[in-house]
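In C-alpha cells:
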C-alpha cells in the first residue's frame, strides 16, 4: 500500500512543485515526450495505463482524514522545493483522493 500511495500522490506533488522547478520539468517533459506544463498529467496517465491505483480512495483512505494527514505531513516534511502549509497539502491530497488528473499549479 505504501508504494501505491506514492504512485497516487507523486503526480500531484509534481504538479504542486512544477512552478519552482522549470529545469527539472523540462528534463521530465523530454523523457516523457510531453509538454513541460503536462509532466504531472503525463505521469498520472502512465500510472493509470500501468494499472496502479489512481486515487487514495482506492487505497482505503477516507475523505474525513485528509485534513489530519495534511497536518501531519506539514509537520514532518523537512525539505520541499516549494513552500507549503497544511492547507496546500490538503488541496493536493484532495486531488489525489479523488483520482483527478493533476495540472501544474502556480
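Numbering (our numbering), first residue to last: 20 to 125. For each residue, glycine too, the CB sits at the ideal point set by N, CA and C. In this text the structure is predicted, and so the values were computed from the model without any measurement.
>> Along the chain, where does the alpha helix (DSSP H) containing residue 90 start, and where does it finish?
In response: 85–95
> Under a three-way DSSP split, which group does residue 30 fall into?
Replying inline: helix
> Can you tell me whether DSSP reads residue 119 as helix, strand or coil?
Replying inline: coil
> Between the segment 20–30 and the segment 61–71, are three or more C-beta pairs nearer than 8 Å?
Replying inline: yes
> Under the three-state reduction of DSSP, which class applies to residue 61: helix, strand or coil?
Replying inline: helix
> Does the Cβ-Cβ distance between residue 101 and residue 38 come in under 9 Å?
Replying inline: yes
> Does the beta carbon of residue 103 fall short of 8 Å from some heavy atom of the ligand COA?
Replying inline: This structure simply doesn't include the ligand COA, nor any ligand for that matter.
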